[in-house]
Structures are given as C-alpha cells and as structure tokens.
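Undergrad: Numbering-wise, the sequence shown is residues 202 to 404 according to our numbering.
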Amino acid sequence: MFTGIVQGIAHIRQLERKTGLITFLIEFPAGATDNLQIGASVAINGTCLTVTRVEGQTAYFDVMQETLRVTNLGSLNEGDAVNFERAARFGDEIGGHQLSGHVHALARLVRIERPENNTTLTFEVPPALCKYIFSKGYIGLNGASLTIGAVDGNQFQVHLIPETLRATTFSQLQEGDLVNLEVDAQTQTIVDTLERMNIRPGT
Numbered sequence: 202m203f204t205g206i207v208q209g210i211a212h213i214r215q216l217e218r219k220t221g222l223i224t225f226l227i228e229f230p231a232g233a234t235d236n237l238q239i240g241a242s243v244a245i246n247g248t249c250l251t252v253t254r255v256e257g258q259t260a261y262f263d264v265m266q267e268t269l270r271v272t273n274l275g276s277l278n279e280g281d282a283v284n285f286e287r288a289a290r291f292g293d294e295i296g297g298h299q300l301s302g303h304v305h306a307l308a309r310l311v312r313i314e315r316p317e318n319n320t321t322l323t324f325e326v327p328p329a330l331c332k333y334i335f336s337k338g339y340i341g342l343n344g345a346s347l348t349i350g351a352v353d354g355n356q357f358q359v360h361l362i363p364e365t366l367r368a369t370t371f372s373q374l375q376e377g378d379l380v381n382l383e384v385d386a387q388t389q390t391i392v393d394t395l396e397r398m399n400i401r402p403g404t
C-alpha cells in the first residue's frame, strides 16, 4: 500500500531491455534506500515494483510485459526522472489517499495553465474510466495523490501548488505526455456496486 505522498525524485541510471522485460537501475536521493531490502515494494511513477537488488543509493527492478503495456515505464530512457514512494508501514500518516500501485490506464496531458503561484493541468482519460472521476474526488497520477478539479467529459483538471511541483516531476511535464493513472479504490467500489444494483449515481 502507498499513501500517494511522493517522497522524492529518482533517476533512471541504466536500462537493460530484453524481450518482454526491462531491468531498471534507479538511483535514489541520499538516505532513500536506507534499510531497503530485496523483495520490498517501491512505487515508481505510481507503479508498484519489487526490489531485486540494492547497491548503495541504487536499486534494481524488473518490469514485465503487462506492466510495460499499461504504464509509461516502457517509454523511459536513461537519465529520466521519476516519482518514487516506498511502501507505507503500519502507523505511518496517510497524508494523501490509499493507493495500490496498480495502474489502471494512461492519461494524456492536454493543457498546461500557469496562473500566478499555481499550475493547472488538464488530462484526458479513456472513456471507460470517466465514471470513476468526480470533482473533489481523489486521483493518483504518476504516484501522487491529487484532488480532482473541474471535470468535462473525458477530461479533468488538477491544481498544483509550488511544493507539489518542487517535490515531483510534474514541473517537467509537457503537453502530450502520458502519466500513469490509478482511480480511487473506494470510488470504484461504490460506482461498480451501484451499477450491479442498476442504480445510477445521482438518481
């Protein structure tokens, strides 16, 4: 389980591409790998990955074909920056919302607006996921727990404060980029339950 509070920015130092598999060597900031063990879970751009080896401030991860298909990890190159969060432990403060690290789809960044001291990003999502996206609800984007702003059809906005931009890779995004999206599990459960009961939200 993850909290959606990104702990920092890591960098891809090496990629080994094989058929249906990529092995990532990722370098973390000082102290971020303390007590990190083989088999531990780390969210990389919101995708739950398993540590296969630890060497100082770096760790290795194997990413299989299905994960590469669903997420943006397959498009990463050496030197790229990624958001990371180590798995939550019992007793940790849940500052965002609960995330599983299981990405549902890719969302495309279609517009960037920068009013003073703020940044507004507009994303486009696959139509099948629209039923889980509500204004003031939660969404996970590249591992960050964010509050949804306005929703219009299959597009929605998020508003980022300077601290979020500093602590994550969102400041590096450009229009057209794809980010990993995880819908809120509670919202998904409620919507799916109502559908099974033939009840439409708002009726």
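Glycine included, each C-beta is placed from N, C-alpha and C at the ideal position. Just so we're clear, the structure is a prediction, and the values are computed from it rather than from any experiment.
Is the beta carbon of L322 closer than 9 Å to that of L382?
TA: no
Undergrad: Considering Cα atoms alone, identify which of R214, L269 and L374 is closest to C249.
TA: L269
Undergrad: Just grab the DSSP bridge partners of M265 for me.
TA: Partner(s): L222.
Undergrad: In angstroms, rounded to a whole number, what distance separates the CA positions of V311 and E376?
TA: 5 Å
Undergrad: Identify which residue in I391, Y339 and A345 has its Cα closest to the Cα of V352.
TA: Y339
Undergrad: Here's the rule I'm using: 16 or more other beta-carbon atoms within 10 Å means buried, otherwise exposed. How should G240 be labelled?
TA: exposed
Undergrad: Per DSSP, what are the beta-bridge partners of G341 in this structure?
TA: S346 and E383
Undergrad: Do you know how far the Cα of I227 is from the Cα of T253?
TA: 12 Å
Undergrad: For A282 and Q389, what's the separation of their Cα atoms in angstroms?
TA: One C-alpha to the other measures close to 30 Å.
Undergrad: What does R254 pair with, by DSSP beta-bridge criteria?
TA: Y261
Undergrad: Which residue wins for smallest C-alpha separation from E317, given the options L216, L361, R218 and G257?
TA: L361
Undergrad: Please name the residue in R315, N278 and D378 whose C-alpha comes closest to that of F324.
TA: It is D378.
Undergrad: Should A233 and Q258 be called a contact, given that it needs their Cβ atoms to be closer than 9 Å?
TA: yes
Undergrad: Do you know how far the Cα of G205 is from the Cα of Q238?
TA: 21 Å
Undergrad: Give me the Cα-Cα distance between N355 and Q387, rounded to the nearest whole angstrom.
TA: 20 Å
Undergrad: Nearest-angstrom Cα distance between E314 and T320?
TA: 6 Å
Undergrad: Could you check where the alpha helix (DSSP H) with R365 kicks off and where it finishes?
TA: For clarity, residue 365 is Thr in the given sequence; the question names Arg instead. Segment P363 to A368, the alpha helix (DSSP H) holding T365.
Undergrad: Drop a sphere of 10 angstroms on the beta-carbon of N284, count the other beta-carbons inside from all chains shown, and report buried for 16 or more, exposed for fewer.
TA: buried
Undergrad: Identify whether I391 lies in helix, strand or coil by the three-state DSSP scheme.
TA: helix
Undergrad: What does the Cβ neighbour count give for N273, buried or exposed, with the cut at 16 atoms within 10 Å?
TA: Taking all protein chains shown into account, N273 has 16 or more neighbouring C-beta atoms within 10 Å of its C-beta and is therefore buried.
Undergrad: Any idea which residues DSSP pairs L300 with across the strands?
TA: For L300, which the question treats as bridged, DSSP gives the partners F203.
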